[in-house]
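Worksheet: the structure to be examined is printed underneath.
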Amino acid sequence: MYAKCGVIEQAEKVFKALPIKNIVSWNALIAGYAENGHAEEALKCSSYMQASRLSPNVITFVCMLKSCSSIGASVRGRKIHAELEQRCLGNDVVIANALINMYAKCGLLKEAHAVLDKLPFSDVISWTALIAGYVEHGQNEEALACFEQMQEKFVGISPNDVTFICILKACANIGAINVGQEVHGEVAKRGMLSENIVMNNTLVAAYAKCGMFDEAEEVFNDLVFQDLVTWNALIAGYVQYGHMSAALKCFTEMQAQGLFPDGVTFACILKACASIGAIGTGHCLHAEIHRSDLLHKDIVLSVALLDMYASCGVVSRAQEIFDEIQTAHVVLWTALIAGYVHNGQNEDALACFERMQCSGFAADSVTFICTLQACGNIGAVEKGQEMHDQIVKAGMMEEDMVIRTALLDMYTNCNMLTEALEVFDKYAIWDAVAYNVLIRNFSQHLYGEEALNHFEKMRSEGIVPDQFTLVFVLKACSSIGAPCIGQEAHSSIIQLGHDVADAVVATALVDMYANCGMLIEAQMVFDGLLVQDVVSWTVLMIGYGQLGMDLIVFYMFDRMLQEKKEPNMLVFTAMLNACSHTGSLDRGQKLFELMSKDFGLFPNSEHHNCMVDLFSRIGCLDKAFALANDIPFANDLVAWHTLLGFCHVHEARNLGKLAFEHATQLDEKDAAAYVSISNLYAIVS
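Following UniProt numbering from start to finish, the sequence shown increments by one per residue and tops out at 685.
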């Protein structure tokens with residue numbers, strides 16, 4: 001009685017006072033330990049019982065196996081299984097069910113299935129234990145296959161409510177909502193929904209997890225009473241799919257009904273706040289969490305709070321909270337490091353990583369991924385190589401493709417092409433994400449040939465490129481002038497059903513065609529855009545300018561202003577270049593003034609160089625000299641080379657000499673300046 005009621009100390013006293021301890025009394029105590037979470041004591045007690053020369057019976061073995069399953073003691077569980085086989089008890093259905101449950105809970109699913117296969121007669125508990133194990137360990141397809149097999153092969157075995165709950169979880173995990181809806185229909189037909197809150201909660205969670213909110217809300221609203229788990233399931237679904245306003249509204253309604261949020265609720269709502277930058281709401285939640293004393297008890301909640309402050313740009317507050325938490329954990333360290341990286345404080349992220357290791361915490365794969373990103377962001381290649389060594393020593397490289405991909409990203413961001421390819425070539429299996437990292441970074445660092453080579457390799461391995469891959473390929477084609485591959489990529493975008501009118505895709509296409517001199521195709525893509533943003537206007541204007549079609553550049557600029565598009569710095573560069581090529585001095589000077597006056601853009605060295613080129617081209621060399629000598633752009637060799645070149649055209653020896661002196665002051669070994677001055681003296685003499 002005491003053991004069943006969980007009063008273990010009193011049960012022990014009564015047991016010790018017994019003059020004779022038989023199998024029933026031992027089993028009562030062992031069962032009490034097992035049922036109340038004292039698995040180690042249950043196993044010790046069973047050993048003491050056997051030492052007293054009492055032989056365990058079916059009940060003893062079931063309790064022992066239950067204890068093994070609760071603490072993951074698979075080695076002890078195997079020994080018990082061997083003993084059961086010796087005693088010819090392995091085919092007893094109660095024992096077999098306990099064995100299946102033990103193996104399944106310990107993740108030994110092949111062994112669990114083998115026990116089931118050997119049973120002459122199995123029941124719904126046998127199958128449900130195996131299905132639950134598959135779901136618990138992420139093998140959801142196997143769970144569904146097992147569910148199907150159970151119904152097909154053994155017609156007499158009908159699923160119970162626990163079976164259906166497990167299957168609904170599996171459906172939610174892999175988005176198999178069609179099967180989930182069939183299960184919903186079946187449980188409704190069997191009348192299992194009327195009073196089974198767990199079943200209803202699982203249905204709400206399954207629909208919400210699959211983004212089917214009409215169905216989730218219908219089940220939710222049909223309930224006479226919604227408990228905290230019901231509300232949490234709906235809120236979590238809203239947050240997962242980015243419906244943050246709905247999540248916050250749901251949170252408010254839940255509290256209005258007198259339910260107080262738990263750690264799961266707070267973690268979800270903090271994530272919503274992080275996503276929309278609702279620092280005020282997040283701060284109020286923090287105060288509630290503090291009053292509830294939940295922070296030090298729930299690591300998931302602690303991480304969510306750190307992430308909320310970091311995502312809202314208040315990483316210093318995240319650091320303060322981290323310092324307040326008495327029990328540190330690698331997950332908390334990782335959340336803080338990720339917060340620093342998110343806010344561009346990469347040096348702080350690396351310093352935090354150092355402190356973590358000095359405090360005796362070993363980095364996990366997520367920690368390494370965040371820290372490698374910090375290294376890549378600031379070019380800290382030596383630190384990145386140190387981490388590479390640590391990852392290899394920790395044995396993470398072989399099995400973890402995500403961490404290998406992070407290494408590729410770090411090396412390519414640091415422009416360490418050889419090291420990146422060494423990592424890539426060492427392992428045979430890569431996915432689309434890894435190829436995207438390589439192709440993206442190669443194209444961004446102007447290794448267009450390498451990007452396209454890896455694109456070909458990716459296709460030869462049967463990996464289907466996604467939209468991101470094809471955008472990076474278009475950039476590579478643009479950088480090296482590879483129109484044929486660019487056209488193939490364009491065809492792939494259409495064949496794979498990607499949206500050609502998507503702003504990022506269309507801009508990459510316009511840029512590729514324009515840089516490859518195929519302006520008819522570039523214009524066609526541009527004209528097909530539903531929304532022509534400044535970037536697409538810019539790349540097309542630059543394309544026309546590169547082919548000397550300056551009048552079209554002027555026309556596009558006027559159209560752009562008519563359509564209320566604000567020109568950017570690159571647009572003004574294209575326009576000033578066009579003015580220079582056509583000798584349009586008045587227009588060029590007006591544009592140069594308008595940049596800061598009307599558009600708040602302050603000319604950079606490129607714009608100054610365009611004006612130097614314009615003045616020089618039409619023979620206004622004194623103005624060109626004054627502009628080239630204008631602080632802070634007087635140290636730009638391009639301007640002095642331009643002026644020196646046109647001094648040669650206009651035979652301006654004295655001014656040419658001054659331009660030469662400025663150029664050689666900046667670089668005394670400037671070969672181009674020496675060639676230009678020699679040509680100038682030769683033509684003048």
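Glycine included, C-beta positions come from ideal geometry on N, C-alpha and C. Bear in mind that the values here come from a model prediction, so they are computed numbers and not experimental data.
Exercise for the section: Express the C-alpha separation of A170 and Q257 in angstroms, rounding to a whole number. Expected result: 31 angstroms
Handout entry: Residue burial classification, E593 (beta-carbon count within 10 angstroms, cutoff 16)
Key = exposed
Exercise for the section: Please classify C68: does DSSP put it in a helix, a strand, or coil? Expected result: helix
Exercise for the section: Report yes or no: do the stretch 465–473 and the stretch 423–430 share at least 3 C-beta pairs separated by less than 8 angstroms? Expected result: no
Practice task
Please look up how many angstroms separate the CB atoms of K271 and A246, rounded, as I've assumed it's under 8 angstroms.
Solution key: Actually they do not touch by this definition, with Cβ atoms about 13 angstroms apart.
Problem - C-alpha gap between F424 and Y435, whole angstroms - result: 9 angstroms
Practice task
Return the CA-CA distance between A205 and N453, expressed in angstroms with no decimal places.
Solution key: 45 angstroms
Exercise for the section: Leaving aside the five residues before and after M595 along the sequence, list all residues of the same chain whose C-beta is less than 8 angstroms from its C-beta, in chain order. Expected result: F572, L601, F602, P603 and H607
Practice task
Go through its chain and collect everything with a Cβ distance to M356's Cβ below 6 angstroms, but skip five positions before and after it.
Solution key: W333
Handout entry: F633 - containing alpha helix (DSSP H), residue span
Key = Run containing F633: none; DSSP gives neither H nor E here.
Exercise for the section: Pull up the distance between the alpha-carbon of L421 and that of V392, whole angstroms please. Expected result: 16 angstroms
Practice task
Taking the CB atoms as reference points, tell me whether I197 and T163 lie closer together than 8 angstroms.
Solution key: no
Practice task
From the DSSP output, in three-state form, read off E382 for me.
Solution key: DSSP, reduced to helix, strand and coil, places E382 within a helical segment of the structure shown.
Practice task
Pull up the distance between the alpha-carbon of V58 and that of V94, whole angstroms please.
Solution key: Their Cα atoms are separated by approximately 8 angstroms.
Problem - Element boundaries [alpha helix (DSSP H), containing W430] - result: Here W430 belongs to no alpha helix (DSSP H), and DSSP marks it neither H nor E.
Practice task
Return helix, strand or coil for V500, following the three-state DSSP convention.
Solution key: For V500, the three-state secondary structure derived from DSSP is coil.
Practice task
May I ask which residues mark the beginning and end of the alpha helix (DSSP H) holding T327?
Solution key: Segment: none, T327 is in no alpha helix (DSSP H) and carries neither H nor E.
Exercise for the section: Could you work out which residue in G379, N377 and R404 is closest to Q390 when comparing CA atoms only? Expected result: R404
Problem - C-alpha distance - G360 paired with V330, whole-angstrom precision - result: Roughly 10 angstroms between the two C-alpha positions.
Exercise for the section: Taking C166 as part of the alpha helix (DSSP H), name the residues at either end of that continuous run. Expected result: D161 to I174
Handout entry: Unbroken stretches of the alpha helix (DSSP H), 4 residues or longer, contained in the UniProt repeat "PPR" (227–261)
Key = 228–240 and 244–256
Handout entry: Identity of the residue in V471, A476, S365 and S479 nearest D499 by Cα
Key = V471
Handout entry: Same chain, Cβ closer than 8 angstroms to L666, neighbours up to 5 away in sequence not counted
Key = N635, L637 and W640
Handout entry: Status (buried if at least 16 other CB within 10 Å, exposed otherwise) for Y48
Key = Y48 comes out exposed.
Practice task
Below 8 angstroms on the Cβ atoms is my guess for A503 versus D533; work out the distance and round it to an integer in Å.
Solution key: 6 angstroms
Exercise for the section: Could you round the C-beta distance between residue 732 and G486 to whole angstroms and report it? I think they count as a contact, below 8 angstroms. Expected result: No information on residue 732 is available, as it lies outside the stretch 1 to 685 that the chain covers here.
Exercise for the section: Could you pull out every residue in the same chain whose Cβ sits closer than 8 angstroms to the Cβ of G645, ignoring the five residues on either side in sequence? Expected result: Setting aside the 5 residues that flank it on each side, G645 is surrounded in the same chain by S616 and S676, each with a C-beta closer than 8 angstroms to its C-beta; the list follows chain order.
Handout entry: Assigned secondary structure, T628 (DSSP; H/G/I helix, E/B strand, else coil)
Key = The sequence as given places Ala at residue 628; Thr does not occur at that position. It is helical.
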